[in-house]
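**Q** For the sequence shown, our numbering assigns the number 30 to the initial residue and increments by one for each residue that follows. Here a beta-carbon is modelled for each residue, glycine too, at the ideal position from N, C-alpha and C.
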Amino acid sequence: MEIWADTANTAEIEKINALGILDGVTTNPSLIAKEAGDPIAILKRITSVVKGPVSAEVISVEADGMIKEGTKLAGIAPNIVVKIPMGIEGLKAIKVLHQKGIRTNCTLTFSANQALLAAKAGASYVNAFVGRIDDEGDDGFRLVQDILVMLENYKLQSELIVASIRHPWHVHLSAQAGAHVATIPTAVIEKMASHIRTTEGINKFLADWNKAGKEYKI
Ligand code: G3P
30 MEIWADTANT AEIEKINALG ILDGVTTNPS LIAKEAGDPI AILKRITSVV
80 KGPVSAEVIS VEADGMIKEG TKLAGIAPNI VVKIPMGIEG LKAIKVLHQK
130 GIRTNCTLTF SANQALLAAK AGASYVNAFV GRIDDEGDDG FRLVQDILVM
180 LENYKLQSEL IVASIRHPWH VHLSAQAGAH VATIPTAVIE KMASHIRTTE
230 GINKFLADWN KAGKEYKI
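1) Got a sec: does the ligand G3P put a non-hydrogen atom nearer than 7 Å to the Cβ of Leu60?
2) Relative to the C-alpha of Val269, which residue among Ala122, Phe234, Gly81 and Gly160 is closest?
3) Collect the residues with a C-beta less than 5 Å away from any heavy atom of the ligand G3P and give them in sequence order along the chain.
4) Would you mind listing the beta strand (DSSP E) stretches within the segment 60-123 that are 3+ residues and don't spill past its ends, in chain order?
5) Tell me, which residues are paired with Asn134 by DSSP?
6) Taking only runs of the alpha helix (DSSP H) that begin and end inside the segment 209-234, which ones reach a length of at least 4 residues, in chain order?
7) Compute the Euclidean distance between the alpha carbons of Ile75 and Ile42, then round it to the nearest angstrom.
8) Taking one C-beta from the segment 61-77 and one from the segment 120-127 each time, how about it: are there three or more such pairs within less than 8 Å?
9) Below 8 Å, can you find three or more Cβ-Cβ pairs linking the segment 172-187 to the segment 199-212?
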């Protein structure tokens with residue numbers, strides 16, 4: 030499973046990238062809005078740090094505007110993937126951008142039917158926003174399973190991104206389900222690395238070592 034960071038904060042991205050586990054990044058207008066500075070400059074910084082796919086979302090809501098904006102965003106760097114919100118206008122844009130050889134990430138998808146249409150339109154990635162679905166009292170991972178079965182049934186080329194991840198267990202479930210990508214807030218990535226028993230174990234080892242007055246003379 031690919032691990033992507035769901036952030037536009039370059040410092041956070043560099044910190045996680047240093048672990049050697051980062052395969053890509055997703056941004057969205059809200060994540061970009063949190064960061065100071067020009068959006069294009071932010072995206073240029075991110076694409077210079079991360080070699081994998083970096084999703085940059087259009088702001089236009091009409092197909093023509095999405096296509097124009099998406100084409101310009103794709104020109105920022107070879108690893109830019111253009112994020113297009115799901116809908117009739119988005120599907121029109123995805124189809125045209127696909128024909129132009131531009132990779133797209135169809136976002137804000139909350140049903141298998143939406144993912145099916147996006148995949149057939151040529152989206153490189155479709156999403157399951159599990160946290161937002163769970164927030165509504167439904168089961169985000171039922172959608173993950175439904176989309177994966179659908180993509181496999183018809184050998185559709187799109188890959189599934191599990192998005193809107195709220196905690197490490199969402200990542201566990203994503204990997205168990207066989208999702209292609211999990212896009213994860215950096216705080217959750219860091220939480221994945223920790224466990225209370227690990228911390229306790231390290232502290233016990235060090236206490237025993239120091240109590241015995243041991244030292245590596247190397
Ligand atoms: O960036 C796409 C998605 O992961 C954001 O989801 O629910 O955390 O805003 P959310």
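**A** In this structure, then:
1) Within the sequence shown, numbered from 1, the residue matching residue 60 stands at position 31. Between the ligand G3P and the CB of Leu60, the shortest heavy atom gap is smaller than 7 Å.
2) This structure cannot speak to residue 269, because the chain is shown only from 30 to 247.
3) Environment of the ligand G3P, chain-ordered: Asp35, Thr55, Asn57, Gly160, Arg161, Ala192 and Ser193, taking every residue with Cβ within less than 5 Å of a heavy atom.
4) The qualifying runs are 83-86 and 109-114.
5) As a first step, residue 134 must be located in the sequence shown, where it is residue number 105. Looking at the DSSP output, Asn134 bridges to Lys112 and Tyr154.
6) Under the rule that a run must span 4 or more residues, the alpha helix (DSSP H) segments found entirely inside the segment 209-234 read 215-222.
7) Position 46 of the sequence shown, counted from the first residue, corresponds to residue 75. Position 13 of the sequence shown, counted from the first residue, corresponds to residue 42. Answer to the nearest angstrom: the Cα atoms are 8 Å apart.
8) They do not touch, by the three-pair rule.
9) With three or more CB-CB distances shorter than 8 Å, the segment 172-187 counts as touching the segment 199-212.
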